[in-house]
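Encoded structure:
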């Protein structure tokens, strides 16, 4: 599958973010969104019909790594941004 490009913050508060991305070209079965940093680590799997994610329980002022992985069968492609 094609890599997700242009991951953007759509909405934010002191403890949460909503991120979104344009649907990539090609066949996508699902997306895996992973957040890591400080005391927060976790993953959520979304269907190919979803192109946004709400990430909660964040601490303002901390740095987080966000990874969105496109999945098509056994193939994967990873995109990462620092928040």
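Residue numbers (UniProt numbering): 1 to 83.
Where a beta carbon is used, it is the ideal one built from N, C-alpha and C, also for glycine.
These numbers come from a predicted model, not from an experiment.
Residue i classed as buried or exposed, judged by whether at least 16 other C-beta atoms fall within 10 angstroms
{"i": "residue 58", "result": "buried"}
{"i": "residue 45", "result": "exposed"}
{"i": "residue 4", "result": "buried"}
{"i": "residue 1", "result": "buried"}
{"i": "residue 22", "result": "exposed"}
{"i": "residue 78", "result": "exposed"}
Residue i: CB within 7 Å of a non-hydrogen atom of the ligand PLP
{"i": "residue 72", "result": "Absence of the ligand PLP is noted for the structure shown, with no ligands found whatsoever."}
Beta-carbon spacing of residue i, residue j below 8 Å
{"i": "residue 66", "j": "residue 50", "result": "no"}
{"i": "residue 28", "j": "residue 19", "result": "no"}
Nearest neighbour of residue i, chosen from the options [CA to CA]
{"i": "residue 48", "options": "61, 63 and 70", "result": "70"}
Between the stretch 34-43 and the stretch 8-16, can you find at least three pairs of beta-carbon atoms closer than 8 Å?
no
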